[in-house]
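Read the structure below first, then the notes.
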């Protein structure tokens with residue numbers, strides 16, 4: 083039944099970042115391993131589930147997921163790092179055009 087909670091995992095909110103999803107998946111994976119070490123989901127299964135969850139959040143994740151899949155020897159932890167970095171760039175404030183032009187010495 084814990085396996086159902088792992089493979090059926092859905093984040094509580096669309097606004098939680100990949101770090102929250104990672105912590106939830108780690109916790110559920112650990113709980114399953116404590117109950118039955120043979121049933122503990124592998125890191126590969128966790129990575130596949132992570133990709134499914136992120137794709138369900140929108141096509142904006144497609145490029146980073148494809149990039150991760152094309153990287154040879156990509157681990158779950160490094161995938162988390164790449165997706166977290168991608169999310170930081172998504173929410174980073176964009177400089178205003180006027181400010182950027184002034185920084186370059188162009189008068190507005």
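Residue numbers (the numbering used here): 83 to 190. In this text, a Cβ means the ideal position worked out from N, Cα and C, and glycines have one as well. Bear in mind that the values here come from a model prediction, so they are computed numbers and not experimental data.
When you compare only the Cα positions, how much space is there between residue i and residue j?
i: residue 121; j: residue 84; result: 9 angstroms
i: residue 119; j: residue 111; result: 10 angstroms
i: residue 163; j: residue 104; result: 10 angstroms
i: residue 96; j: residue 109; result: 19 angstroms
i: residue 127; j: residue 117; result: 18 angstroms
i: residue 154; j: residue 134; result: 19 angstroms
What residues in its chain sit with their C-beta under 7 angstroms from that of residue i, if we drop five residues either side in the sequence?
i: residue 115; result: 122
i: residue 161; result: 129, 132 and 150
i: residue 113; result: 84
i: residue 89; result: 131
Can you tell which of the options has its C-alpha closest to the C-alpha of residue i?
i: residue 94; options: 162, 163, 139 and 152; result: 139
i: residue 159; options: 119, 130, 172 and 141; result: 130
i: residue 91; options: 144, 136, 118 and 117; result: 136
i: residue 173; options: 109, 127, 154 and 142; result: 142
i: residue 125; options: 107, 154 and 153; result: 107
Quick one: residues in its chain with C-beta nearer than 6 angstroms to the C-beta of residue i, no 5 flanking neighbours on either side, listed in chain order?
i: residue 86; result: none
Anyone know if the C-beta pair for residue i and residue j falls short of 8 angstroms?
i: residue 150; j: residue 156; result: yes
Looking at the C-beta of residue i, does it have a partner C-beta in chain D at a distance below 8 angstroms?
i: residue 89; result: As a matter of chain content, chain D is missing from the structure shown, which is built from one protein chain.
With a CB to CB cut of under 8 angstroms and the five nearest residues on each side skipped, what residues in its chain are close to residue i?
i: residue 144; result: 137
Taking three-plus beta-carbon pairs below 8 angstroms as touching, is the segment 98-109 in contact with the segment 156-168?
yes
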